[in-house]
Structures are given as C-alpha cells and as structure tokens.
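For reference, the structure discussed in these notes is given below.
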Ligand SMILES: Nc1ncnc2c1ncn2[C@@H]1O[C@H](COP(=O)(O)OP(=O)(O)OP(=O)(O)O)[C@@H](O)[C@H]1O
Ligand SMILES: [Mg+2]
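Numbering (this note's numbering), first residue to last: 20 to 456.
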C-alpha cells in the first residue's frame, strides 16, 4: 500500500503541523494550500489518504470532496473542521468523507483517527532463527538495488513473502508488485499473460490486453515457479530481460520497460539446466543473486514464533484471544512440517477453528483428555464425525481440482503427500473420486 498522504490546508501553520504529525505516524505527506491546485497538478487517486481543511477561499473542502468522489476516486478523506461547525462535519460525512476531526485537536486524536481508517502495518514476517534473520537482512540489502534475485526453496518455505519484502524495502515500493505463476497456465496463455496481446492477435483476442510485464513497469515482477516455463517462452523471457523491452502478441513495435525481476523455484534450477529443460543463458540472467530458503525442519526455532504470529492474526480477525498451550507447543516441535510454513499455518488455523476454548490444545487432547489418546480422536464423537466428513469432502474436492494430482493436493491442503495417501486409504476414497487411479 502506498504510504502517501495528501494534506490540503490554506493556513500554513496548520499545514505544517499536519505534515509533521503525518511524518511521525510513519506516512509520507505532500502539502497543498488550495484544492484547485491539487486537482490541476496531482492525481488524488495516488494517495492512501487525503486530509483536507473545510473552509478555504477558492474551493471548500466539501466541494473538493465532491469533485474527488465524482471522479470515481474513493481514497479515504478526513475533513478538518473548525470550531462549532458540527453541522459541516455531518454534511461532509453525508457527502462521502470517511471521518472528520475537529480543531483544535491533539496529535493523539489525529493518530487515533488515522489508525481507525488505516490500521498500522502488522509485523509482516517472522524471522527468529539465525538463518532467517540473515535472509531477512540480506533481502533488505538487495532491495536497495535493482539486482535480479532467484529464490529457491521447498514449497511453503516463504519464497513469495521474501519477494514481497524485497519489493517493499526497495525504492520501487510505491510502484506495482505483480506476480505471475508460470506453472499455472498453458504456454499460449502464459505468453499473453506475460507480454499482453493486441486486439485480433489470435482467435479470441477480442480486446487488447496489457501483460504482467507492462503492469509491473517501474515496479517488481515476480516470476513464480519459473522452472515450469516452456522453452519457447524461456527464449522470449530472456529477450525481454536482456533488451528491457517486450513485444505484445500481435504487436507491431517493442515496448521499452523498466522492471525488476524476482523469480522463484522449488526445483534445483541448475540441474534443470544440466538436463536440458531450462536455458542456461536464462538461468544466469535470473540467478544473479540467489537466496535459498531452508525448510522449516532445519530452523525449528521459527516454529513457535510463527504459530504465535498466525494465532495473533487469526485472533484479530475473529475477535478472539487465542494462545498456545504447552502441550500444543510440544506437539508443534515434534512434527516434520514437510509442507513447511504453509502447513504450519494451515495446521494452526484448523486447530483454532475447531477449538472450544481460546487456549489451544493439540487436536488429540481437546476437551481435556488427560491421557494420550489415539491419533484420530478429536473432542467428542459427534464432532469427530463432522470433522472427518469435512476432511473427506475437502480431499475429494481438491483431488478433482488438481485432476487427481496427489502432490498438488497435498500442497494445497498443507499436508504431506504421505498423509494424503493415507487419508485416501483411510476414508476409502474410491477410484472415481480419486482420478489418479
Ligand atoms: N517467515 C514467515 N513469517 C510469516 N509468515 C510466513 C513466513 N514464511 C511463510 N509464511 C507464510 O506461509 C505461507 C507460505 O509462504 P509463501 O507463499 O511465501 O511460500 P512459497 O515458498 O512461495 O510456497 P510455494 O512454493 O508453495 O509457492 C504464506 O501464507 C506466508 O504468508
Ligand atoms: Mg509461492
């Protein structure tokens, strides 16, 4: 999200006070002294928040607000109103102001109003283990330049979150971050997804389409699972990176672009090169700065802080106050987490959602069972039935979605392939429900 805040106030002292406050809260202020100038010289849509005074000589805050909304811009607007003008504030709210603040106001009042509209950024990621701490530090460092980064790691280790972190700490942070999953779509579709196409470029190209490369211009493009790209497209990608320009499918002239590239893979890309599946020249273009994310089982210190982090996030969402019991912590430490952070995240959410209390116990021990119980036992028999039904349904659904691919089903559900195999057996999911057979 952009951190730019637009301030409009004809009184210079007031504008300066607002500007200083906004900086202190951690946003980037831009000040104008009259609304007409704003409309002429900048685009209100480029800001995360607008704070405008009400009474100004050429155009009032209300008129400005109406103009902004008329242009289809729905950036939150806080109106600053003077002494005894409650009616103005009410009118402003009716006309689409997000909130108002009355003069005189304290810094704390302004801060509270802003945080109501735009909650402060949550801590974005956990890095407790030494290895993750150094990866995070490295990410912030490489963020400063435009260097091309290749993120390698097993599924669910946090490649995308690191890519986003690099973007967020880069000078491109206010520009787009665009992700393309190179594994998800067919070769033809991927080309037009990446580079766009002109109207009529092929059957079905009814309109011009802007590709992800162009959308990412001046920002960052994440090529997710880049190893899965077909050879012909690898050549086109290489050209785009080398020449810093792209060709829309069916386009007449190349389009120059400035895009920072980050790619991810959960394969060993060099061995893909050796086996002739990935272009060597492209490999060296992408692998300028490699970052390898270790699997969760090799950085066990991260497990508990991650669990606490996911619970805090879920608590906020659900208005609860979840916490981990020592027994659950113990359980988390024991598991293999082959699906890495994603598996842990899903495990925590599943456990929280079925927990009768805010203090989370291992699923096998809810309802206060004092003795270790069998693997499959969950709180009460009726609940157990429901959960098993749910689980069975979910597995069948995802198997269908993935055309019976057990590896991808396991990934989507955040469990190991072995677990999926066992569950298929255990639930007696039959041949026609499991298309892989
Ligand atoms: N260090 C971390 N702190 C907080 N959340 C994390 C961390 N690492 C991963 N996550 C969360 O775990 C999930 C998986 O992470 P992410 O999508 O970045 O993994 P990935 O390596 O891109 O996986 P895949 O290869 O399957 O695409 C996401 O929900 C992400 O937010
Ligand atoms: Mg990913």
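For each residue, glycine too, the CB sits at the ideal point set by N, CA and C.
(message) Measuring straight from C-alpha to C-alpha, what distance separates residue 258 and residue 286?
(response) Counting from 1 along the chain shown, the entry for residue 258 is found at position 239. Counting from 1 along the chain shown, the entry for residue 286 is found at position 267. Cα to Cα, residue 258 sits roughly 23 Å from residue 286.
(request) Could you tell me the distance, in whole angstroms, from the CA atom of residue 28 to the CA atom of residue 73? (result) One-based indexing of the chain shown puts residue 28 at position 9. One-based indexing of the chain shown puts residue 73 at position 54. Their backbone Cα atoms lie some 8 Å apart in a straight line.
(message) Output needed for residue 414: all residues of its chain with C-beta closer than 8 Å, excluding positions within five of it in sequence on either side, in chain order.
(response) Start at 1 with the first residue of the chain shown, and residue 414 comes out as number 395. Only residues of its own chain outside the window of five on either side were considered, and among them 428, 432, 439, 442, 443, 446 and 448 have a CB closer than 8 Å to the CB of residue 414, listed in chain order.
(request) Look at the alpha carbon of residue 397 and the alpha carbon of residue 268, and state the distance between them as a whole number of angstroms. (result) Taking the first residue of the chain shown as 1, we reach residue 397 at position 378. Taking the first residue of the chain shown as 1, we reach residue 268 at position 249. Any reading at residue 397 must be qualified, since the residue scores a pLDDT of 39, below 50, and its modelled position is unreliable; no value is offered.
(message) Beta-carbon within less than 7 Å of residue 117's beta-carbon, same chain only, minus the 5 sequence neighbours each way: which residues are those?
(response) As a working mapping, residue 117 is identified with position 98 in the chain shown. Scanning its chain for C-beta atoms nearer than 7 Å, with the 5 sequence neighbours on each side dropped, one finds around residue 117 the residues 95, 96, 97 and 136, in chain order.
(message) Does the segment 236-253 come into contact with the segment 275-283, if we say contact requires no fewer than three beta-carbon pairs (one atom in each stretch) closer than 8 Å?
(response) Touching, per the Cβ criterion.
(request) Name the one or two DSSP bridge partners that residue 47 has. (result) Locating residue 47 in the chain shown gives position 28, where the first residue counts as 1. According to DSSP, residue 47 bridges with 23.
(message) Quick check on residue 215: buried or exposed, where buried means 16 or more other Cβ atoms within 10 Å of its Cβ?
(response) If you number the chain shown from 1, residue 215 lands on position 196. Under this definition residue 215 is a buried residue.
(message) For the structure I just gave you, are there three or more beta carbon pairs, one from the segment 349-364 and one from the segment 170-181, closer than 8 Å?
(response) Touching, yes.
(request) Can you tell me which of the three DSSP states residue 390 falls into? (result) As a first step, residue 390 is located in the chain shown; it is residue number 371 there, counting from the start. Because residue 390 sits at a pLDDT of 36, beneath the cut-off of 50, its placement in the model cannot be relied upon, and the following sentence gives the value as read from the coordinates. In the structure shown, residue 390 adopts coil according to DSSP, grouped into three states.
(request) Measure the CB-CB distance between residue 213 and residue 199 and report whether it falls below 8 Å. (result) Residue 213 sits at position 194 when you count from the first residue of the chain shown. Residue 199 sits at position 180 when you count from the first residue of the chain shown. A distance below 8 Å separates the beta carbons of residue 213 and residue 199.
(message) Which runs of the beta strand (DSSP E) at least 3 residues long sit entirely within the segment 123-172? Give them in chain order.
(response) Taking only runs of at least 3 residues, the beta strand (DSSP E) segments lying wholly in the segment 123-172 are 168-172.
(request) Return the CA-CA distance between residue 87 and residue 70, expressed in angstroms with no decimal places. (result) Here residue 87 corresponds to residue number 68 of the chain shown, with the count starting at 1. Here residue 70 corresponds to residue number 51 of the chain shown, with the count starting at 1. Rounded to whole angstroms, residue 87 to residue 70 spans 13 Å at the Cα level.
(request) Have a look at 49, 266 and 349 and flag the residue whose alpha-carbon is nearest the alpha-carbon of residue 220. (result) Residue 220 sits at position 201 when you count from the first residue of the chain shown. The shortest Cα separation from residue 220 among 49, 266 and 349 belongs to 266.
(request) Can you tell me which of the three DSSP states residue 359 falls into? (result) Counting from 1 along the chain shown, the entry for residue 359 is found at position 340. Of the three classes helix, strand and coil, the one that applies to residue 359 here is helix, per DSSP.
(message) For a test of your reading of the model: does the CB of residue 430 fall under 7 Å from any non-hydrogen atom of ligand 2? Yes or no.
(response) The residue labelled residue 430 in the question sits at position 411 within the chain shown. No - ligand 2 has no heavy atom lying nearer than 7 Å to the Cβ of residue 430.
(message) Taking the straight line between their C-alpha atoms, what separation do you get for residue 303 and residue 239?
(response) Counted from its first residue, the chain shown places residue 303 at position 284. Counted from its first residue, the chain shown places residue 239 at position 220. The straight-line gap from Cα to Cα measures roughly 19 Å.
(request) Could you spell out where the alpha helix (DSSP H) holding residue 107 opens and where it closes? (result) Here residue 107 refers to the residue found at position 88 of the chain shown. Following the DSSP letters along the chain, one finds residue 107 inside the alpha helix (DSSP H) bounded by residues 105-113.
(request) Compute the distance between the beta-carbons of residue 46 and residue 22, then report whether it is under 8 Å. (result) Reading the chain shown from its first residue, position 27 is the one you call residue 46. Reading the chain shown from its first residue, position 3 is the one you call residue 22. Against a cut-off of 8 Å, the Cβ pair of residue 22 and residue 46 comes out as a contact.
(message) Can you check which of these residues, 241, 192 and 218, is closest to residue 202 by C-alpha distance?
(response) Numbered from 1 along the chain shown, position 183 holds the residue referred to as residue 202. For residue 202, the nearest C-alpha among the options comes from 241.
(request) Run the CB neighbour count on residue 232, radius 10 Å, all protein chains shown included, and call it buried at 16 or more, exposed below. (result) Along the chain shown, one-based indexing puts residue 232 at 213. With 16 or more other Cβ atoms from the protein chains shown falling within 10 Å of its own Cβ, residue 232 counts as buried.
(request) With distances taken Cα to Cα, identify the nearest neighbour of residue 252 among 297, 89, 235 and 107. (result) Here residue 252 is taken as the residue at index 233 of the chain shown, counted from 1. The option with the nearest alpha carbon to residue 252 is 297.
(request) Compute the Euclidean distance between the alpha carbons of residue 163 and residue 182, then round it to the nearest angstrom. (result) For the purposes of this step, residue 163 is taken as the residue at position 144 of the chain shown. For the purposes of this step, residue 182 is taken as the residue at position 163 of the chain shown. The straight-line gap from Cα to Cα measures roughly 13 Å.
(message) Taking 8 Å as the threshold (C-beta atoms), are residue 300 and residue 342 in contact?
(response) By one-based count along the chain shown, residue 342 stands at place 323. By one-based count along the chain shown, residue 300 stands at place 281. Contact: no.
(request) Would you decide whether residue 146 is buried or exposed? Buried here means 16 or more other CB atoms lie within 10 Å of its CB. (result) Residue mapping note: residue 146 aligns to position 127 of the chain shown, counting from 1. Residue 146 should be labelled buried.
(message) One question on the structure: do residue 100 and residue 121 come within less than 8 Å of each other, judged by their Cβ atoms?
(response) Locating residue 100 in the chain shown gives position 81, counting from the first residue. Locating residue 121 in the chain shown gives position 102, counting from the first residue. Yes; because the gap between Cβ atoms is below 8 Å, this pair is in contact.
(request) May I ask you to list the residues that DSSP assigns as paired with residue 196? (result) By one-based count along the chain shown, residue 196 stands at place 177. Partner(s): 239.
(message) Can you look up residue 92 in the DSSP assignment and give me helix, strand or coil?
(response) The count along the chain shown starts at 1 and reaches residue 92 at position 73. Looking at residue 92 - three-state DSSP - the assignment turns out to be coil, as it is neither helix nor strand.
(request) Please report how far the alpha carbon of residue 387 lies from the alpha carbon of residue 155, in whole angstroms. (result) Sequence index remark: in the chain shown, residue 387 carries index 368 (1-based). Sequence index remark: in the chain shown, residue 155 carries index 136 (1-based). The predicted model places residue 387 with a pLDDT of 40, which falls under 50 and marks its position as unreliable, so this point remains unresolved.
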